[in-house]
Amino acid sequence: MDKQQIARKVLERLKKRYQLKTALTWKNAWELLVATVLAAQCTDERVNKVTPVFFEKWPDPSKLANAEIEEVEKVIRSTGFFRNKARNLVNTAKILIEKYNGQVPKTMEELVSLPGVARKTANIVLGNAFGIQEGIAVDTHVKRLAFRIGLTKNTTPNKVEQDLMKIFPKKEWSNVNHLLVYLGREVCKARKPNCEKCPLNDICEKNI
DNA sequence: CTCCCGATAT
DNA sequence: ATATCAGGAG
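The letter at position 99 of the first sequence is residue 132 when you use our numbering, and the numbering goes up by one with no holes.
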């Protein structure tokens, strides 16, 4: 069975079990950008506890651009890396006001130029807020599962993304991220993967 | 490569 | 106590 066939089965089986959207709470590109930045090394569950307060205080870039950095730090503290995240979000808000008319840009190049935004975050925003399949968001779950299943021999996010882009059809790129993340959280966990309960058990190389 | 960093599971 | 959590920058 080649990688394309495995990829087809992965999509087919996981689509029966999981949703095709993020577990983050957001209602526009700005909110998704903020939520995704906050999600670095933090569970989406935790992010969803912080973002309602955040969006109430700073519902758009113009509000956040004028915020006190200490207040932002206070609100997002529980998500970890709070100093970096607060500084990056406020600076991003200022850039959006100055260069992008207060709007979240819709290209990879522009998004990754923002502080605290690299390909993973940009892919999430492009795919989910704008419906643009520019690449595949490779986070800790996607990286781990792609390697374990046997879809890649690489371990760096960029190389894993390149491998996955060759294997999965473009229209599924956003779904690849969502489905692998959900399986990674529930079954193929970093510490104790539950292979017995895994819907991919028979097609997985189990490179654990 | 290291650093950023609080919350949670094991 | 330690590993890990929807990463990114220096």
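By construction, the Cβ of each residue, glycine as well, lies at the ideal position given by its N, Cα and C atoms.
This one's a predicted model, so the numbers in the text were calculated from it and none came from an experiment.
Exposed or buried, which one is Gly160 when buried takes at least 16 other CB atoms within 10 Å?
Buried.
Here's a check: name, in chain order, each residue in its chain whose Cβ is nearer than 6 angstroms to the Cβ of Met141, leaving out the five neighbours to either side.
So the qualifying residues of the chain are Ala155, Glu167.
Look at Phe201 and Leu44 and say whether their C-beta atoms are less than 9 angstroms apart.
A contact, by the Cβ cut-off of 9 angstroms.
Which residues in the same chain have their Cβ closer than 6 angstroms to the Cβ of Gly149, if we skip the five residues on either side of it in sequence?
Taken in chain order, the residues that qualify are Val70, Asn121.
In the DSSP assignment, find the unbroken alpha helix (DSSP H) run with Asp77 in it and report its ends.
Segment 77-90, the alpha helix (DSSP H) holding Asp77.
For Ile157 and Glu229, I'd like the C-alpha separation in whole angstroms.
Spanning the two alpha carbons is a distance of roughly 30 angstroms.
Please confirm whether Ile130 and Pro94 have their CB atoms less than 9 angstroms apart.
Cβ atoms of Ile130 and Pro94: closer than 9 angstroms.
Of the choices Asp172, Asn187, Thr185, whose alpha-carbon is the least far from that of Ala223?
The residue with the shortest Cα to Cα distance from Ala223 is Asp172.
Please classify Lys176 as buried or exposed, where buried requires at least 16 other C-beta atoms within 10 Å of its C-beta.
Lys176 is buried by the Cβ-count criterion.
Can you say whether Asp235 is buried or exposed, counting buried as having 16 or more other CB atoms within 10 angstroms of its CB?
Asp235 should be labelled exposed.
Just to check my reading of the structure: Arg181 and Ile241 have Cβ atoms closer than 8 angstroms, yes? What is that Cβ distance to the nearest angstrom?
About 6 angstroms separates the two Cβ atoms, so the contact holds.
Is Asn124 helix, strand or coil when you go by DSSP?
It is helical.
With DSSP run on the structure shown, which of helix, strand or coil describes Tyr215?
Tyr215: helix per DSSP, three-state reduction.
Whole alpha helix (DSSP H) runs in the segment 152-224 with 4 or more residues, listed along the chain?
Fully enclosed alpha helix (DSSP H) runs of 4 or longer: 152-162, 173-182, 190-200, 206-219.
Taking all protein chains shown into account, decide if Lys49 is buried (16 or more other Cβ within 10 angstroms of its Cβ) or exposed.
It counts as exposed.
DSSP state of Trp63, grouped into three classes?
Trp63: helix per DSSP, three-state reduction.
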